[in-house]
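S.K.: The number in my numbering is simply the position in the sequence shown, starting from 1, with 1031 added. Built from N, CA and C at the ideal position, the CB exists for glycine as well. These figures come from a predicted structure and were not determined experimentally. Pasting a structure here, questions to come.
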Amino acid sequence: MLATERHARILQTLALRRIASTEDLAAELGVSIETVRRDIRVLDERRALRKVRGGAAITTAVSGEPVVAERQELNLAAKQVIGRLAADLLEDGQTVILDLGTTAMEVARAIAPGFRGVVATNSLLVAGELAGRPDIEVLVCGGRVRGGDLAVSNAFSVAFFAQLNADVAFLSSGGVDAGRGVTDFYLDEVATRHQMLRSSRHAYVLADSSKFGVVAPYSVAPLDSRLGLIAERSPDADLDRAIRRKGGVIVCP
């Protein structure tokens, strides 16, 4: 397991438990206690967590996700596969909602050069990626900008997406679980995703396999016929059944 993957798992664990011992983290990650101690020291220096005696604790700023620079490299090959699968679903003339995040960026990069349509996003990074495409009209919502991801959210972003009638929406997530559905780490962005779902005829959650079975603190949507999954591989049996039983679609290689 790469250091960035361990860091992500540690932060996800703290987002759920608020505190964890070095021994528990080592057992869950399948690495030595000394490796976990080094990881905690690095994350403490980045102020992503708080080092305590015998382990680590959540900070008021911790999101449960690794910082954006790490996420850009984390599971990159899987995200590129997801990006191509999502882009292949697009047809000329469509209005597309594209959420924030590193996987959404790979969707933007994979959109065919000849695509003509509208892309509405809550990500300044996605908007910047597509701004030079002459055949794509890029729409960006208003609201408060979160550093790192340059994600935009609040009541202004909800009102913006409420005015759209999109053909398809591609949503990001913190986790996808058979029982808890789609969840995320940022409460402010949940309401925006609710509106994205309401404003689109079809919707898919973008999730690489590291997010299967992960339950983040805030609920986004249940698994149902409105929401498909795009992933780089088939989900495990429980998640597969939960999606298909509710009429959802799974798109994978």
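At what residue ranges does the stretch 1148–1172 contain a whole run of the alpha helix (DSSP H), taking only runs of 4 or more?
M.R.: Fully enclosed alpha helix (DSSP H) runs of 4 or longer: 1155–1161.
S.K.: Is LYS1082 helix, strand or coil by DSSP?
M.R.: Your numbering for residue 1082 matches position 51 in the sequence shown. In this structure, LYS1082 counts as strand in the three-state DSSP scheme.
S.K.: For a test of the three-state rule: what should DSSP assign to ALA1252, helix, strand or coil?
M.R.: Locating residue 1252 in the sequence shown gives position 221, counting from the first residue. Reduced to three states, the DSSP call for ALA1252 is strand.
S.K.: Can you tell me whether ALA1222 is helix, strand or coil according to DSSP?
M.R.: As a working note, residue 1222 is residue 191 in the sequence shown. ALA1222 falls in the helix class under three-state DSSP.
S.K.: If we count the other Cβ atoms within 10 Å of its Cβ and call it buried at 16 or more, is ASN1106 buried or exposed?
M.R.: Numbered from 1 along the sequence shown, position 75 holds the residue referred to as residue 1106. So ASN1106 ends up on the buried side.
S.K.: Enumerate in chain order the residues of its own chain whose CB-to-CB distance from SER1250 is below 8 Å, with the five nearest sequence positions on each side excluded.
M.R.: Your numbering for residue 1250 matches position 219 in the sequence shown. Once the five neighbours on either side are set aside, the close Cβ partners of SER1250 are ARG1211, GLY1212, VAL1213, THR1214, VAL1221.
S.K.: Drop a sphere of 10 angstroms on the beta-carbon of PRO1266, count the other beta-carbons inside from all chains shown, and report buried for 16 or more, exposed for fewer.
M.R.: Here residue 1266 refers to the residue found at position 235 of the sequence shown. By the 10 Å Cβ count, PRO1266 comes out buried.
S.K.: Check whether the Cβ of ARG1049 sits closer than 8 Å to any heavy atom of the ligand GDP, and report yes or no.
M.R.: Annotation note on the ligand GDP: not contained in the displayed structure, which lists no ligands.
S.K.: Relative to the C-alpha of ARG1175, which residue among ALA1200, PHE1187, SER1203, ALA1162 is closest?
M.R.: Position 144 of the sequence shown, counted from the start, is the residue given in the question as residue 1175. Of ALA1200, PHE1187, SER1203, ALA1162, the residue nearest in Cα terms is PHE1187.
S.K.: Between which two residues does the alpha helix (DSSP H) containing PHE1216 stretch?
M.R.: For the purposes of this step, residue 1216 is taken as the residue at position 185 of the sequence shown. Run containing PHE1216: none; DSSP gives neither H nor E here.
S.K.: Taking ARG1147 and GLU1160 to be in contact with their CB atoms under 8 Å, please state how far apart those CB atoms are, rounded to whole angstroms.
M.R.: Along the sequence shown, one-based indexing puts residue 1147 at 116. Along the sequence shown, one-based indexing puts residue 1160 at 129. With a Cβ gap of about 17 Å, ARG1147 and GLU1160 do not count as contacting.
S.K.: With distances taken between CB atoms, is the gap from ARG1084 to ASP1075 smaller than 9 Å?
M.R.: Here residue 1084 refers to the residue found at position 53 of the sequence shown. Here residue 1075 refers to the residue found at position 44 of the sequence shown. The answer is no: Cβ separation not under 9 Å.
S.K.: Under a three-way DSSP split, which group does SER1231 fall into?
M.R.: Walking along the sequence shown from the start, residue 1231 turns up at place 200. DSSP places SER1231 in strand when its eight states are reduced to three.
S.K.: Using a 10 Å radius around the Cβ and a threshold of 16 neighbouring Cβ atoms, would you call ASN1295 buried or exposed?
M.R.: In this structure the chain extends from 1032 to 1284, so residue 1295 is not present and cannot be described.
S.K.: Do ALA1162 and ALA1197 count as a contact pair if the criterion is CB distance below 9 Å?
M.R.: The count along the sequence shown starts at 1 and reaches residue 1197 at position 166. The count along the sequence shown starts at 1 and reaches residue 1162 at position 131. Not in contact: ALA1197 and ALA1162 (Cβ atoms no closer than 9 Å).
S.K.: Relative to the C-alpha of THR1133, which residue among ASN1185, LEU1202, ASP1269 is closest?
M.R.: As a working note, residue 1133 is residue 102 in the sequence shown. The shortest C-alpha separation from THR1133 is found at LEU1202.
S.K.: Using CA atoms only, rank isn't needed, just tell me which of LYS1110, ALA1109, LEU1131, ALA1143 is closest to LEU1121.
M.R.: Along the sequence shown, read from residue 1 onward, the residue named residue 1121 stands at position 90. That would be ALA1143, whose Cα lies nearest to the Cα of LEU1121.
S.K.: Grouping DSSP H, G and I as helix and E and B as strand, with all else coil, what is LEU1237?
M.R.: By 1-based counting over the sequence shown, the position of residue 1237 is 206. Strand at LEU1237.
S.K.: Taking only the alpha-carbon atoms, compute the straight-line gap between GLU1168 and ARG1068 and give it to the nearest angstrom.
M.R.: Counted from its first residue, the sequence shown places residue 1168 at position 137. Counted from its first residue, the sequence shown places residue 1068 at position 37. Their Cα atoms are separated by approximately 48 Å.
S.K.: Whose C-beta lies closer than 7 Å to the C-beta of ALA1273 among residues of the same chain, with five residues either side of it excluded?
M.R.: By 1-based counting over the sequence shown, the position of residue 1273 is 242. Counting only Cβ-Cβ distances below 7 Å, and skipping sequence neighbours, we find ALA1209, LEU1254.
S.K.: Determine the burial state of ALA1034: buried for a count of at least 16 other Cβ atoms within 10 Å of its Cβ, exposed for fewer.
M.R.: Walking along the sequence shown from the start, residue 1034 turns up at place 3. Classification for ALA1034: exposed.
S.K.: Which value, in whole angstroms, describes the spacing of the CA atoms of LEU1270 and VAL1245?
M.R.: Residue numbering aside, residue 1270 sits at position 239 when the sequence shown is read from its first letter. Residue numbering aside, residue 1245 sits at position 214 when the sequence shown is read from its first letter. Answer to the nearest angstrom: the Cα atoms are 11 Å apart.
S.K.: Give a yes or no on whether the C-beta atoms belonging to VAL1138 and LEU1228 are separated by under 9 Å.
M.R.: Counting from 1 along the sequence shown, the entry for residue 1138 is found at position 107. Counting from 1 along the sequence shown, the entry for residue 1228 is found at position 197. Cβ atoms of VAL1138 and LEU1228: not closer than 9 Å.
S.K.: When we look at the beta-carbon of ASP1239 and count the other beta-carbons within 10 Å, is it buried (16 or more) or exposed?
M.R.: In the sequence shown, counting from the first residue as 1, residue 1239 sits at position 208. The residue in question, ASP1239, is buried, as its Cβ has 16 or more Cβ neighbours within 10 Å.
S.K.: Can you tell me whether LEU1042 is buried or exposed, with buried defined as 16 or more other CB within 10 angstroms of its CB?
M.R.: By 1-based counting over the sequence shown, the position of residue 1042 is 11. LEU1042 is buried by the Cβ-count criterion.
S.K.: DSSP three-state label for GLY1206, please.
M.R.: For the purposes of this step, residue 1206 is taken as residue 175 along the sequence shown, with counting starting at 1. Strand.
S.K.: Relative to the alpha-carbon of ALA1252, which residue among GLY1179, SER1204, LEU1195 has its alpha-carbon at the smallest distance?
M.R.: Against the sequence shown, residue 1252 aligns to sequence position 221. It is SER1204 whose Cα lies nearest to the Cα of ALA1252.
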